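Structure, as structure tokens:
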Amino acid sequence: MTEMTEQQVRDEVRAFLSQNWDPNRSLIEWRNILVDSGWGAAHYPKEWLGKGLSAAMSLVVDDVFREFEAIGAARMGIRTLAGATILNHGSDMHKRKFLRGILTGEETWCQLFSEPGSGSDLAGAATRADFKDGKWVINGQKVWTTSAHHAHFGLLLARTDWDAVKHKGLSYFIIDMHQPGVDVHQLKQMNGHASFNQVFITDAVIEPEFQVGELGEGWKVATTTLMHERRGADGARRYEQKINRPERIYQEYNEEVDHLLAPYIWYPQRTGRVDLLIEHAKAAGRYGDPAVRQEIAKVLGMAKAAEWTARRARAAQNQGKPQGPEGSIGKLAASHVARAANRVHTMIAGPNAMLTGDDSWMDGTIAEILVSTPAISIAGGTDEIQRNIISERILQMPKELRTDTDRPFREVPRNQVG
Amino acid sequence: MKFSFTAEQEEFRSVIRRFLEAKSPTTAVRKQMESDRGYDPAVWRSLANDLGLTALHIPEEYGGAGFGVTELAIATEEMGRALLCAPFFASAVMASSAIVHAGSDEQKQAYLPGLASGETIGTLAVAEPDGGWNAEAIKMSATAAGAVYRLHGAKSYVLDGLSASLFVVAARLANGHLGLFAVPDTADCVTRRPLKSMDPTRRLARIDFDNTPATLLGSPEGGEAAYAKTFDTMVACLACEMAGGAERLREDALEYVNMRVQFGRSIASFQVTKHKAADMLLEVELAKSAAYAAAAALDDGDADASAIVSLAKAGASEAYIQTAIHAVQMHGGIGFTYENDTQMWFKRAKASEVFLGDAAWHRERMLQNWSA
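The following block contains the structure:
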């Protein structure tokens, strides 16, 4: 069957919402109706709770939902990565058991990839999965795990073969986070917030049917997860917004948003808040200072140019053109912008930059910017890794010389932690 | 605002690129650098007659092709990439825009067809020996003498001032308003002197006017607005030209490091080189995005166009010279020689850094026009 036209999609979604949307239902009741209809995840296949539409067409679906101010399926957090990975590599049992809970929001997920000993080098994971008495027994430590403190399930990358080469000894599992042997501790950051966790795993157990993909093919499966993560991280990513209406479903939805966004309330500050530069300078009485104006203009110019570069990349993508170099530099540009904005906010604040909390300008927002921007050039791939990717994949320069990929993993030098 | 080129614009770009690859390889650029005239008349005729580039941004009723700033900027970007030696920027961008924006219908009929066909080479004389391209710095006086005016004073940094057969000159009227005046090269009392241009691919001159007869373009009150529009157009085109040059430098430097072997390995395999190459890509792509946005903003009549134009020029001023510095460094010793082509773009980058206003001046202009 050929794909539906945009008008057909609009008509069908309008018809569905006209008949079913009722803001006085409970959030869970509504999302179950939505998931049954296929309009909760229109880009999922028809046989798995979706409509089999393209990503572009599901934007049309979103558009109609906005018209009705209707709440969609849950999509914040790692759940969308879990859904995509399970659809690509999971068994039918995985799809039956997990997809609904992902879409209704009843079950929360986390990603257990990074370790204290392997950050940029994710494939160096050293968490063990040993097969004993018909079950996988897991031991190791994971870190930077967003949402682990309230997650039901985790996407786990663990080593099942120490004699295989690095990328061939990993397997991918779904782990039940609510079991003895899984200990979650918050990791406090330099800006005082705690958005991530450390997860200590000691003799935790996974039944064999919760392995995803083939044994030893974990890296391939993880690549799917990471690809979806990067796709969401190109600056076009949006967090859900609360909707200020009185009906029951909005109240429940807003609670969900508050709960899920709590760890990220500082995220706007890690971008450097270019949007506040002029306001900050005016408030501080420094907007007339030619030196300050020069610095503000530099950052505004860089931020605008970066935004237009992202728009060029998106325009090319919408026209079906192959990705040009403009599509690869957004993350690195964002780091430059954040760092420069931090410097200029400091210059504007003057001695006030020594203060924090409500003694700092703008009720602490400025102080929070000053200690939050270092995150942006690290999270989701450091600037250094971005430069490697750009030079190797876009500029076709020679790959790094490696000594870790052609011998048994147990012989590869590793960190002594973790 | 549009963030992509149409298929027609892409095709237009590739036609110009092929033309310039054939007519303006670096051997040809070097030849013109050392010539008296500074450009090849045969290439100029071909560029005007075969490609119609001189007519691009001139309205159809005056013998032009009626294209927007975007198309004009595509042409200058490609010319910056090829380092074409020709009076295109002076004539088809500066003088043509000035007459389009300032002239009466009759004056446009008189001047534009010649500029469109390439028969006339025009230029715009704004900066004075102690000044720049901002309207406030223009001090030269124009005195009314019946139907004509008389110009008194010196203009400097006049682009292709020796090749031009038509000058558009910015001067002050007795009432303090700015006026744009047309002066044919046959006028009396014009003295031209070539200036020793550090970038020999783009020639500069000093022109002295001593009671020179001149025709005021348009009305005695319209000069400021006409110059403002002209200025935005030429700055957007210059930003695109600079982005084109920067991209060429980046590509050539990358090709060189991929070829060069030291310590038994390609120097492109060193992470320090790879990371520099990635940073260069970032800077050049941001400069391109801003330059394209500037041209698009002018075509859209965007209220923020002047801010965006200045943003683009400030960005291009820094990105072009920074790319040139990196390019020399990546070439090592050979990059500092006259024999290596990098120096030619380095000089264009250095000259363009200040031509039509430097980065700091444009940043301030950007903020003054910033509405957000």
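First to last, the sequence lines map onto chains X and H.
If you read the first sequence in the numbering used here, its first letter stands for residue 3, the second for the next number, and so on.
If you read the second sequence in the numbering used here, its first letter stands for residue -6, the second for the next number, and so on.
From the three backbone atoms N, C-alpha and C, an ideal C-beta is built for every residue, glycine too.
As the structure is a computational prediction, the values presented were derived from the model and not from experiment.
Around the beta carbon of His195 of chain X, 16 or more other beta carbons sit within 10 angstroms, so the residue counts as buried. Counting along the chain, Pro52 of chain H sits inside no beta strand (DSSP E), nor does DSSP assign it H or E at all. Nearest to Gly115 of chain H by C-alpha distance, out of H:Met133, H:Ala83, H:Gly326, is H:Ala83. Within a 10 Å sphere around the beta-carbon of Gln113 of chain X sit 16 or more other beta-carbons, which makes this residue buried. Annotated three-state conformation of Lys244 of chain X is coil, per DSSP. Linking Ala305 of chain X to Ser303 of chain H through their CA atoms gives a straight-line distance of about 14 Å. The beta-carbon separation of Leu159 of chain H and Ala109 of chain H, rounded to 13 Å, does not stay under the 8 Å limit for a contact. Contact check between the segment 48 to 58 of chain X and the segment 218 to 232 of chain X: fewer than three CB pairs, one atom from each, fall below 8 Å, which does not count as touching. Scanning chain H for C-beta atoms nearer than 7 Å to the C-beta of Asn390 of chain X yields Lys267, reported in chain order. One thing to note: Ala261 of chain H has its Cβ within 8 Å of the Cβ of Val250 of chain H. In the DSSP annotation of this structure, the continuous segment of the beta strand (DSSP E) that includes Asp201 of chain H starts and ends at 197 to 209. The C-beta distance from Leu101 of chain X to Ala75 of chain X rounds to 10 Å, too long to fall under 8 Å, and the pair is not in contact.
Interface with chain X (8 Å Cβ-Cβ cutoff): Gln255 of chain H is excluded.
Secondary structure at Pro187 of chain H: strand, using DSSP grouped into helix, strand and coil. In this structure Leu29 of chain X is buried. Its beta-carbon is surrounded by 16 or more other beta-carbon atoms within 10 angstroms. Three or more Cβ pairs closer than 8 Å define a contact, and the segment 246 to 263 of chain X falls short of that threshold against the segment 350 to 359 of chain X. In the three-state DSSP reduction, Arg98 of chain X falls in the helix class (H, G or I).
Taken through DSSP and simplified to helix, strand or coil, Asp291 of chain X comes out as coil. Of all residues in the segment 118 to 150 of chain X, none places a beta-carbon less than 8 Å from a beta-carbon of chain H. Residue state for Pro415 of chain X is assigned as coil, using DSSP reduced to three classes.
Of the residues assessed, Pro122 of chain H falls on the exposed side of the cut-off, its CB having fewer than 16 other CB atoms within 10 angstroms. It is roughly 21 Å from the alpha-carbon of Ile368 of chain X to the alpha-carbon of Gly303 of chain X. A straight-line Cα-Cα distance of about 57 Å links Pro193 of chain H and Asp64 of chain X. By the 16-neighbour rule on beta-carbons within 10 angstroms, Arg412 of chain X is exposed. One alpha carbon belongs to Ile88 of chain X, the other to Gly52 of chain X, and they sit about 14 Å apart. DSSP places Arg258 of chain H within a strand segment (E or B) once states are collapsed to three.
The beta-carbon distance between Met399 of chain X and Ala289 of chain H, rounded to whole angstroms, is 32 Å. This is too long to meet the 8 Å contact definition.
Within the same chain, and ignoring the five residues on either side of Arg243 of chain H in sequence, the residues whose Cβ sits closer than 6 Å to its Cβ are Met273, Val277, Thr316. Separation of the CB atoms of Glu217 of chain H and His145 of chain H is rounded to 20 Å, and the pair is thereby denied contact status at 8 Å. With respect to the 8 Å criterion, Ala150 of chain X and Met179 of chain X are classified as neighbours on the basis of their beta carbons. Along the segment 293 to 304 of chain X, going in chain order, the ones with a CB nearer than 8 Å to a CB of chain H are Arg295, Gln296, Ile298, Ala299, Lys300, Leu302, Gly303, Met304. Proximity of chain X to Gln264 of chain H at the Cβ level (cut-off 9 Å) is accounted for by Glu386, Arg389, Asn390, Ser393, Glu402, in chain order.
The shortest CA-to-CA distance from Ala128 of chain H to any of H:Val93, H:Ala137, H:Arg165 is the one to H:Arg165. By alpha-carbon distance to Ala95 of chain H, the top candidate from H:Asn333, H:Ala41, H:Glu214, H:Ala0 is H:Glu214.
For Thr204 of chain X, the uninterrupted beta strand (DSSP E) run begins and ends at 198 to 208, by DSSP. Per DSSP, Gly42 of chain X is not a residue of any beta strand (DSSP E), being assigned neither H nor E.
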